[in-house]
Amino acid sequence: MRNRNATAYRFLTPYLLIFAIFWVWPIISSFMISFQATRTVPWRFAPGFNWGRLIGDPAFFNALKNTLLILVIQVPVMISLALVMAVLLNSPLLKARGLYRFAFFAPVVVGEVAYSAVFRLMFNLDFGIINKLLNSVGLPKIDWFSNVTPAMALIMIAVTWRWAGYNAIILLAGMQSIPEDVYEAATLDRVSKFKQFFYITLPLLKPVIVFCLVLSIIGTMQLFTEPFLITERGGPGGGTETLGLLLYRQGFRSLNFGYASAVAYTMAGLAIAITLAQLWLTREPK
Amino acid sequence: MATVTLNNVIKRFGVFEVVHGANIDVKHGEFVVFVGPSGCGKSTLLRMIAGLEDISGGEIAIGGKVVNDVEPADRGIAMVFQSYALYPHMSVEQNLSFGLRMTGNPKADTDRRVERAAEILRISELMDRRPKKLSGGQRQRVAIGRAIVREPQVFLFDEPLSNLDAELRVQMRVEISRLHKELGATMIYVTHDQTEAMTLADRIVVMRAGHIEQIGRPLDLYDNPDNQFVAGFVGSPKMNFINGRIVGRDARGVVVELAGQEKTRITQPLTGAAPETGNKVIVGVRPEHFGNAGEGDADLVVAIDVVEHLGGTSFLYARTANGDDVVIQRDAAKVPDTSEITVSIRKSYLFDEKGLRLR
Ligand SMILES: Nc1ncnc2c1ncn2[C@@H]1O[C@H](COP(=O)(O)OP(=O)(O)OP(=O)(O)O)[C@@H](O)[C@H]1O
Ligand SMILES: [Mg+2]
């Protein structure tokens, strides 16, 4: 038995080595770095230096506020939208289902830079299609990139566009695993399709919805691409700067790795805390 | 009055016709069982009555009223599904009351109906449990309870016992019988198990490949099948079929010679048009209709392959000289230990080459 384990571990060694060097070590090392003052060479151990700064840093609170705001608005909107999309995809009336399924899933596989560039064009002040559409229905143009509120909205729209279909596909798989005869029984019970959705589909889909929520929360906590590429590094004036962006700015622009590590640990801690709270709130009643 | 009338009912899925014109008259309070092999269209027919499938042709009437275009919930029926189709996230109590709650039935009335159903099915102490925490038999009771709560005129059952083990199946069979007596409602029950059909039904509808082969009371089907299929389907073990030939006719009827056994001749009185001499026929003999040598019309020598002892009775699996397989039922005490046995045919049925009964 021992021998067999030893052989197994020898086979696993290459992977374990890579895992240790590129996963385990950075996790430990960044934790230790977060306790060092890294603005001056040589680094020195100063436990309160980064963590103390975090508590009073307006840039950190700005990024935290932006991240949480996006989380609180974008995630529920996106999951609701994904639910509606899943219901439509699941409808027996729908023709060419495979095509729609692909279309909804496609945004995830489109390159981030390409999609960000297209969004910048679409939301351009003077010649973007979105403002043209707004104008054509009599609404004023919106300067999406130079005001904070529209810029935040733009980030949320972009993230939602990119991930709603992905969540819809997951939810659709969940819906399709609900047996048809449960709905037939409800139909015989004179329960309308509308009520069937709220009293049967939603409760039975809850585990899948929670799964989507957790994925989205973790994803949004790390949000980086959209504010980096679409609103140009968290612009206007840090108005869309997220924790991910702050981390990047501190770590890789100012080379202040200690502070960046502290931010990273805060992000991970928050994601875990929010996810746990969420799991607790949606737990199965005994 | 909750009669159910099917008038030339047809079902097509696309161009594929799966029910070819069914005519059935279910009387008020009657227990009718649809039986037939897998895929013959029993469930489809039942689902058409429930309104879960469109009717492609013909008419279905419940209580004298044509329901082709009536919503399932307005047909006065309740259905028990093979898979139970319980709402997994609701307690037993919620499962029973869900339909009534959703449609705004007064709470007092809902409570009364749920309580009564629970009492009838003896599930009162399970009311707070989720379906996941129930045994198969208990789930089945809840499913039936959900039907009772609707107080329907007609109960529809689609193979409700097929997921239960043998012992529980017998027990639930008895309960459904009791339920039928207690409620006095019309019941239509689908199964592919002929024992269930025989024991439960007032009348049985035997189906094959979308056609109704025969409708009749259980013993009528057993004693007087219209064709070889019904004869083979009703009764367990199956009726034996032995090839034969008409060799003549005497004062008592036509004389049939069994293939490969010139000496075994059976005389069958026929009231209808007698088939011509020389025609091939099929002789049907139930396992229980073989007697000791000399007891019946004709003696037959068979070679025994296997003997199954069930206690009181035994089944001999044997072959005729011509190679036809036959099953013979015997008292356990009277099983010989020879490899050959001579049996008599006490009662037999004649079918023509197409399988239609000659009588
Ligand atoms: N939705 C459907 N689309 C196409 N064909 C179907 C559909 N439902 C059933 N059929 C076909 O109709 C025929 C009858 O099916 P049905 O389910 O009524 O059989 P059954 O007698 O209930 O069989 P079983 O004992 O296996 O339940 C089968 O040949 C089946 O393949
Ligand atoms: Mg069926």
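As you go down the protein sequences, you meet chains H and A in turn. So for the first sequence, our numbering puts the first residue at 5; every next one is plus one. So for the second sequence, our numbering puts the first residue at 3; every next one is plus one. All C-beta atoms in this analysis are idealised placements derived from N, C-alpha and C, irrespective of residue type, glycine included. These numbers were taken from a predicted model, which means no experiment stands behind them.
Annotation for A/Gly-293: the continuous beta strand (DSSP E) segment containing it runs 292-294.
Comparing alpha carbon positions, the residue from H/Val-267, H/Ala-162 and H/Val-117 closest to H/Gly-255 is H/Val-267. For A/Lys-13, the CB stays at least 7 Å from every heavy atom of ligand 2. Annotated three-state conformation of A/Leu-318 is strand, per DSSP. Neighbours of H/Pro-183 across chain A, judged by C-beta separation under 8 Å: Ser-85 and Ala-87. Here the segment 63-79 of chain A does not lie against the segment 176-184 of chain A, with fewer than 3 beta-carbon pairs under 8 Å apart.
Within 10 angstroms of the beta-carbon of A/Arg-288 lie 16 or more other beta-carbons, which makes it buried. One finds Pro-207 and Leu-208 in chain H with Cβ atoms closer than 7 Å to the Cβ of A/His-91, taken in chain order. Taken through DSSP and simplified to helix, strand or coil, A/Thr-193 comes out as strand.
In its chain, beyond the 5 residues on either side, Asn-70, Leu-73, Ile-74, Gly-243 and Thr-244 have a beta carbon closer than 8 Å to the beta carbon of H/Met-156.
Under the criterion of beta carbons closer than 8 Å, A/Val-37 and A/Ala-199 qualify as touching, at roughly 4 Å. Within chain A, the C-beta atoms nearer than 7 Å to that of H/Leu-192 come from Ala-52, Pro-74, Ala-75, Ala-80 and Met-81, in chain order.
Under the three-pair Cβ rule at 8 Å, the segment 221-240 of chain H does not count as touching the segment 51-62 of chain H. Taking non-hydrogen atoms of ligand 1 into account, the C-beta of A/Phe-18 is found less than 7 Å away from one of them.
In this structure, DSSP gives A/Asp-222 a helical state, which the three-state scheme calls helix.
Within a 10 Å sphere around the beta-carbon of H/Trp-29 sit fewer than 16 other beta-carbons, which makes this residue exposed. For a Cβ distance threshold of 7 Å, residue set Met-104 of chain A lies close to H/Lys-199, ordered along the chain.
Contact of A/Phe-100 with chain H by beta-carbon distance below 8 Å involves Ala-190, Asp-193, Val-195 and Tyr-203. One thing to note: A/Ala-119 has its Cβ within 8 Å of the Cβ of A/Gly-147. According to the DSSP assignment, A/Ile-268 belongs to the beta strand (DSSP E) that extends over 263-270. Taken through DSSP and simplified to helix, strand or coil, A/Asn-107 comes out as coil.
At least one CB atom of chain A sits nearer than 8 Å to the CB of H/Val-186. A distance criterion of 7 Å places the beta-carbon of H/Ser-140 beyond contact range of ligand 2, judged by its closest non-hydrogen atom. Per DSSP, reduced to three states, the secondary structure at H/Ala-86 is helical.
In this chain, the beta strand (DSSP E) harbouring A/Val-328 covers 327-333.
Annotation for A/Thr-269: Arg-254, Gly-255 and Val-257 place their beta carbon closer than 6 Å to its own, counting only its chain and skipping 5 residues before and after.
Secondary structure at A/Arg-348: coil, using DSSP grouped into helix, strand and coil. Of the other Cβ atoms in all chains shown, fewer than 16 fall within 10 Å of the Cβ of A/Pro-108; this residue is therefore exposed.
Closest in alpha carbon position to A/Ala-276, among A/Arg-131, A/Ser-179 and A/Leu-352, is A/Leu-352. Of the residues assessed, A/Gly-325 falls on the exposed side of the cut-off, its CB having fewer than 16 other CB atoms within 10 angstroms. A direct Cα-Cα distance of roughly 32 Å separates A/Asp-27 from A/Ser-99.
Close CB contacts of A/Ser-164 within its chain, under the 7 Å cut and outside five residues either way in sequence, are with Gln-84 (chain order). Under the 10 Å beta carbon count, A/Asp-228 is surrounded by 16 or more other beta carbons and is classified as buried.
The criterion of a C-beta distance shorter than 8 Å is not satisfied by A/Gly-293 and A/Phe-243.
Check the Cα spacing between A/Val-6 and each of A/Glu-19, A/Gly-16 and A/Phe-33: the tightest is with A/Phe-33. Rounded to whole angstroms, A/Glu-297 and A/Tyr-191 show a C-alpha spacing of 40 Å.
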